Amino acid sequence: MTVERRWIIGLIAALTLSLAANLVVAGIVVSRRFDNPPPPFSFESPTGAEGLFGEISPEGRAAVRATMRDARRDLKDTYKEMRVLRAEIKTLLYADTLDRAALDAALDKLTALSASVQSRVQHSFVEAVSRMSAADRRRFTPPARPERPRRHEAGGPPQDGPPPPPPGPEGAPPDGPFPPDGAAPAKP
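Structure, rendered in structure tokens:
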């Protein structure tokens with residue numbers, strides 16, 4: 149091989165390695181840019197208290213923030229305990245042999261903790277709205293899930309009676325496609 153040819157091969161190898169390194173760095177940058185978890189909920193953020201309580205006066209928002217901050221502080225240990233309990237449940241489920249009694253006990257404890265969290269959040273909601281003025285309470289509209297249409301409103305049969313009979317084939321008499329006993333078939 150000539151010296152010139154070695155230089156060309158070396159240059160091609162260096163450019164290939166450089167391109168590969170650039171692609172790796174670009175992949176890392178892009179993955180970090182687009183794979184970030186959402187920011188934690190904060191009442192100070194525009195999508196937090198402003199989004200939920202934008203129509204409320206600043207005093208009403210301050211009352212809500214303080215009450216929810218207190219609730220979050222009170223529930224911090226409960227949330228940690230729930231995370232530990234979920235990990236324990238996962239371990240129990242993945243075990244080779246299922247310890248049903250331990251799983252039942254862990255699920256019962258998780259249910260009790262969830263109920264206590266819900267109760268605390270409801271109490272803090274009541275505390276927050278009790279600190280609001282009547283005008284703020286009238287303007288306050290917590291986010292609600294859209295109501296699902298009832299079955300009979302969505303085209304299904306009404307809930308209080310049997311469903312209507314299915315429609316007969318086209319051209320069938322109102323009684324149905326088959327005549328009553330002893331009658332002659334209807335002619336189209």
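Each residue of the sequence shown is one higher than the one before, counting from 149 in my numbering. Using N, Cα and C, we set each Cβ at its ideal position, and we do this for glycine too. Just so we're clear, the structure is a prediction, and the values are computed from it rather than from any experiment.
Sub-7 Å separation of residue i and residue j beta-carbons
i: residue 265; j: residue 223; result: yes
i: residue 230; j: residue 261; result: yes
i: residue 268; j: residue 210; result: no
Close beta carbons around residue i, own chain, < 6 Å, minus the five adjacent residues each side
i: residue 236; result: 254
i: residue 279; result: 211
8 Å CB neighbourhood of residue i in its chain, flanking five on each side removed
i: residue 246; result: 240
i: residue 277; result: 285 and 288
i: residue 162; result: none
i: residue 160; result: none
Other residues of its chain near residue i: CB distance less than 7 Å, five sequence neighbours each side excluded
i: residue 287; result: 203 and 204
i: residue 257; result: 233
Cα-Cα separation between residue i and residue j, rounded to whole angstroms
i: residue 244; j: residue 282; result: 59 Å
i: residue 232; j: residue 263; result: 17 Å
i: residue 165; j: residue 214; result: 56 Å
i: residue 158; j: residue 182; result: 36 Å
i: residue 151; j: residue 180; result: 43 Å
i: residue 178; j: residue 154; result: 36 Å
i: residue 208; j: residue 169; result: 55 Å
i: residue 167; j: residue 156; result: 16 Å
i: residue 273; j: residue 217; result: 11 Å
i: residue 221; j: residue 206; result: 22 Å
i: residue 175; j: residue 270; result: 45 Å
i: residue 225; j: residue 238; result: 20 Å
Closest Cα partner of residue i within the set the options
i: residue 227; options: 259, 248 and 242; result: 259
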